[in-house]
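Peer 1: Handing you a structure now.
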Amino acid sequence: MNRPFVSLCPEITRADALILIDWLEDECVTRHLSDSRHVSRFVEQVIGRVQLPILTHLFNQGGRFFMAHDR
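With the numbering used here applied, the sequence shown covers 1 to 71.
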């Protein structure tokens with residue numbers, strides 16, 4: 001039997017940010033968060049302004065941020 005596995009990745013890529021936007025637009029997710037309902041728009045604006053492949057420094061401004069991966 002395979003046990004569930006989750007890894008935390010400290011590097012946030014542009015692709016990760018796009019996944020995060022989709023996730024933050026799902027009301028089943030956002031109803032349990034303390035963040036603004038419009039946080040996905042803020043992330044969209046940031047990746048629209050910054051043309052870098054790695055966005056870690058933008059997500060770590062208020063503390064450490066990790067993407068959770070199930071692979």
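The beta carbon of each residue, even a glycine, is placed where N, CA and C say it ideally should be. Bear in mind that the values here come from a model prediction, so they are computed numbers and not experimental data.
In the DSSP output, what is residue 9 paired with across the bridge?
Peer 2: According to DSSP, which records beta bridges pairwise, residue 9 is partnered with 67.
Peer 1: Buried or exposed: residue 52, going by 16 or more other Cβ atoms within 10 Å of its Cβ?
Peer 2: Residue 52 is exposed by the Cβ-count criterion.
Peer 1: Between residue 31 and residue 39, what straight-line distance do the alpha-carbon atoms span, to the nearest angstrom?
Peer 2: Distance between the alpha carbons of residue 31 and residue 39: 13 Å.
Peer 1: How many Å lie between residue 69 and residue 15 at the Cα?
Peer 2: Approximately 13 Å between the Cα atoms of the pair.
Peer 1: To the nearest angstrom, how far is it from the Cα of residue 67 to the Cα of residue 6?
Peer 2: Computed Cα separation, rounded: 10 Å.
Peer 1: Which runs of the alpha helix (DSSP H) spanning at least 4 residues fall entirely within the segment 17-53, listed in chain order?
Peer 2: With a minimum length of 4 residues, the continuous alpha helix (DSSP H) runs that stay inside the segment 17-53 are 27-30, 39-49.
Peer 1: To the nearest whole angstrom, what separates the beta carbons of residue 56 and residue 4, a pair I think is in contact under 8 Å?
Peer 2: That pair is no contact at about 26 Å.
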